[in-house]
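Everything on this sheet refers to the single structure shown next.
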Amino acid sequence: MSANENGSVTMTGAQIVLQALADQGVEHIFGYPGGAVLPIYDELFQQDRVKHILVRHEQGAVHAAEGYARSTGKVGVVLVTSGPGATNAVTGLTDALMDSIPVVCITGQVPTHLIGNDAFQECDTVGITRPCTKHNYLVKDVDQLAEVLHEAFYVARSGRPGPVVVDIPKDIQFMTGTYKGVSNSQHKSYVPPREGDQAAIEAAVEVMAKAKRPIFYTGGGVVNAGPAASKSLRELVRMTGYPITSTLMGLGSYPASDKQWLGMLGMHGTFEANNAMHDCDVMICIGARFDDRITGRLDAFSPGSTKIHVDVDPSSINKNVHVDIPIVGDCAYVIDQMIAAWKARNPSIDKEAHARWWDQIETWRKRKCLHYRNKSDVIMPQYAVERLFALTRGKDTYITTEVGQHQMWAAQYFHFDEPNRWMTSGGLGTMGYGIPAAVGVQMAHPDSLVIDIAGEASVLMTMQEISTAVQYDLPVKIFILNNEYMGMVRQWQELLHGGRYSHSYSEALPDFVKLAEAYHAVGIRAEKPAELDDAIREMIETPKPVIFDCVVDKTANCFPMIPSGEAHNNMLMGDDLTDEDIENAISEEGKVMV
Amino acid sequence: MGQPGSAYSLEKPEQKLETHTISVLVDNEPGVLARVIGLFSGRGYNIESLTVSETEHEAHLSRITIVTTGTPMVIEQIKHQLDRLVPVHSVTDLTVCGETIERELALVKVAGVGEKRVEALRLAEAFRAKAIDASLEHFVFEITGRQSKIEQFVALMQPLGLVEVCRTGVAAIGRGPERM
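One line per chain: the protein sequences are A and B, in this order. Residue numbers for the first sequence follow the numbering used here, beginning at -7 and rising by one. Residue numbers for the second sequence follow the numbering used here, beginning at 31 and rising by one.
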């Protein structure tokens, strides 16, 4: 590294990478070495500003970076090699794209003169990752490397966040070039909006003020907009007194313990949230995207409502559902603008209508849609999550999940009062997300309680990352609801395919307690409701990684449920279903949907 | 229960298809065209015509002109999706932005002798197409105009011995003194 006469610093490409990471405030990166990134690993070895966490598979590196990013609001950083390193990262990158998680993934590439040559461990990384990243770069000039890296961080965290890949050929890592620091000048083409259009906000507030049956429907965008946005959301919701529901991704931005909270909406949302969405006259959607898991049958989605939609990404507006008042802007700014406009207007709202609306909501609440039949001889999975929630209350807890029934039970029975506490794969639905995400969360919050609420099938997809947890003394808790089935697949086979359980039963599961021991972690098993509480307490108090094998009822289904192809007000409830109901739950047309 | 319709019936049948000409100003960097095309193929949009060339050499800016069809909702999506690509500077829907001039250039090869050959040349004159290559058996005509004019010319050449056609795709610009 040397400074020349005009003050610019020259260094190797690998040094530029480390310098850029340090200048971006990166403290941790998740990665796996290989031939095409060895010069960067050599630089990593010779410095102590950036701590590297060695994962066991590149998919795990990206999920760990996602968990890190979601729980801190910072950009997660990944370093992997060319070829298989990059292709293994693709699932994680797609996951981050679908859930709008800021990740910068640096991939090694074969030397520039070998690109296109079918060289060893070569793949077309920018070609493969183009549709699964927000943006990507192949750096062929070492003098542009620093600028590209800084731009990658800017793109990853700005506007609607997402994953960005920077592909760096090995010869560029060795070459000497000029380092440029972080620039404050505006990007030449990518400048996402911040404040929303004032006229649209005034119009929205006018509609909100006149509403008789209003509802707030919020999503992951509020979490992505930072803690200030969640704080503002609380102020706005309390100021209006209107009910609020949220998507899976948005849980925690509004406290679940609050009386205005209706619970999650959507396919496995609550009866009150979905019915309120269906019957509302004004819907205020903030940072959500009318996903198919949310809307159910589109032509019957909230038919009578005026819809307001706040989103930083204009392509999310009017994509699935026609919106009456679109507001393009960052939630963190727009919610404050709405609060100001509401205060300025000081509206006299129709108290009588709102009292009727809340009465109606109370009748839906009384339906107690999350009620399930508990058993004394076998642990019900819902009960296990309820006990886990009760026994971790008041603790500094972060929850990750895998994908499936356990994920929905976690969303239904574990309640979040703060944002950034809930890490789950919503958009892509990636089984195997939970353990590596928990590793990333625990890395960022070493003294907190980090629990992966898991299923035994999902958890086996990335089980090797428990080895990462052990290596770095990360006391993550893997709480497996073990029903020996791919539970959600089994549930759909029961509802759609006449109970023909094609390949959804795992006949040769490992002994999870012994598996934990083999990894030098701690294994705990609970098989009876009576022993559950003590076992959970033991797990919480163990200062090491724990795999908790919670043996649960094998055939429990996740209810309530909007069957595919149905409307919000046509829900299946868990406690009053007959066999015939289950048989006829999903229409012929609905059977072709996912 | 048992009604058809779902989250997946995105395109409502009553919505009419519209054809729009969209002009996109992009950084002329490797992969930018792949991003635009990948967006169309990945999301199932149609490309009827696509023209691209660097138009501002110092700023390294290229202009991509895309003719696409879709429902109004899909056209709106296409514009927003294009606009959120990082190297895209601006997206202008020329179809809704006032009056637009659209031109396409085609090279049309026609082979034939005798009366058909004379007729081809006569029609070419009527369409102000130039013969830019000729032998005793063939012509290559260069014709410029709106897409409909070219379609018409090609159709007329069909019975007169049309061999092959090469078209550039549409170039389009707004009328008046303003920049897009």
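Each residue gets a CB set at the ideal place from its N, CA and C atoms; glycine is no exception. Computed from a predicted model, the values in this text were never measured in an experiment.
Expressed to the nearest angstrom, what Euclidean distance is found between the alpha-carbon atoms of V468 (chain A) and K367 (chain A)? 29 Å
Boundaries of the alpha helix (DSSP H) in which F70 (chain B) is found, first to last residue: 62 to 72
Could you tell me whether any Cβ in chain A is nearer than 8 Å to the Cβ of V9 (chain B)? Outside the shown range of chain B (31 to 210) lies residue 9 (chain B), about which nothing can therefore be said.
Beta-carbon separation (whole angstroms), M661 (chain A) vs G396 (chain A), contact threshold 8 Å: A query on residue 661 (chain A) cannot be resolved here, the shown segment of chain A reaching from -7 to 586 and no further.
CB contact check: H50 (chain B) to chain A, cutoff 8 Å: no
CA-to-CA distance, L55 (chain B) to E86 (chain B), given in whole angstroms: 10 Å
Quick one: is H105 (chain A) near chain B, going by C-beta distance under 8 Å? no
According to the neighbour-count rule (16 or more other Cβ atoms, all chains shown, within 10 Å of its Cβ), is C196 (chain B) buried or exposed? exposed
Report back the beta-carbon spacing between I319 (chain A) and I300 (chain A) to the nearest angstrom; my notes put them in contact at under 8 Å. 7 Å
Please classify P552 (chain A): is it buried, with 16 or more other beta-carbons within 10 angstroms of its beta-carbon, or exposed? buried
Run through DSSP, which three-state label would Q11 (chain A) get? helix
If the cut-off is 7 Å on Cβ atoms, which residues from the segment 308 to 338 of chain A count as contacting chain B, listed in chain order? N310, K311, N312
Can you find a CB in chain B that lies within less than 8 Å of the CB of S92 (chain A)? no
Contacts around V9 (chain A), its chain only, beta-carbon distance under 8 Å, and the 5 residues preceding and following it disregarded: I32, E35, I98, L137, L141, I160, Q165
Counting only beta-carbon separations shorter than 8 Å, does Y38 (chain B) have a partner in chain A? Caution is warranted here: a pLDDT of 45 is assigned to Y38 (chain B), below 50, making its placement in the model unreliable, and the coordinate value is therefore given only provisionally. So yes, Y38 (chain B) belongs to the interface.
8 Å Cβ cutoff met for V313 (chain A) and F282 (chain A): yes
Could I get the ranges of all uninterrupted beta strand (DSSP E) runs contained in the segment 325 to 411 of chain A, with 3 residues as the minimum, in chain order? 389 to 393
Given a threshold of 16 other Cβ atoms within 10 Å of its Cβ, counted over all protein chains shown, does G32 (chain B) qualify as buried or as exposed? Residue placement at G32 (chain B) cannot be trusted, given a pLDDT of 37 that sits under 50; what the coordinates show is reported in the next sentence. It is exposed - the Cβ of G32 (chain B) has fewer than 16 other Cβ atoms within 10 Å.
For the alpha helix (DSSP H) containing P521 (chain A), name the first residue and the last one. 521 to 533
With T4 (chain A) as the anchor, note down where its beta strand (DSSP E) starts and where it stops. 1 to 4
Give the residues of chain A in contact with P117 (chain B), contact being defined as C-beta atoms less than 7 Å apart. S181
Are three or more beta carbon pairs between the segment 122 to 133 of chain B and the segment 146 to 162 of chain B nearer than 8 Å? no
Delimiting residues of the beta strand (DSSP E) encompassing K299 (chain A): 298 to 303
Examine the ligand PLP and report whether any of its heavy atoms sits within less than 7 Å of the Cβ of P184 (chain A). Ligands displayed in this structure: none; no statement on the ligand PLP is therefore possible.
Which value, in whole angstroms, describes the spacing of the CA atoms of L190 (chain B) and P102 (chain B)? 40 Å
Could you check whether S249 (chain A) and V116 (chain B) sit closer than 8 Å to each other, using their CB atoms as the reference points? no
Would you say D305 (chain A) faces chain B, with C-beta separation under 8 Å as the test? yes
Looking at chain A, is there any beta carbon in it that lies within less than 8 Å of the beta carbon of D163 (chain B)? no
Let me know the alpha helix (DSSP H) ranges lying completely inside the segment 102 to 130 of chain B, each 4 residues or longer, listed in chain order. 102 to 113
Give the residues of chain B in contact with R122 (chain A), contact being defined as C-beta atoms less than 8 Å apart. G61, A64, R65, G68
Is there a Cβ from chain A that is less than 8 Å from the Cβ of L142 (chain B)? One point to set straight first is that residue 142 (chain B) is Gly, not Leu, in the sequence displayed. It does not: the Cβ of G142 (chain B) has no partner Cβ on chain A nearer than 8 Å.
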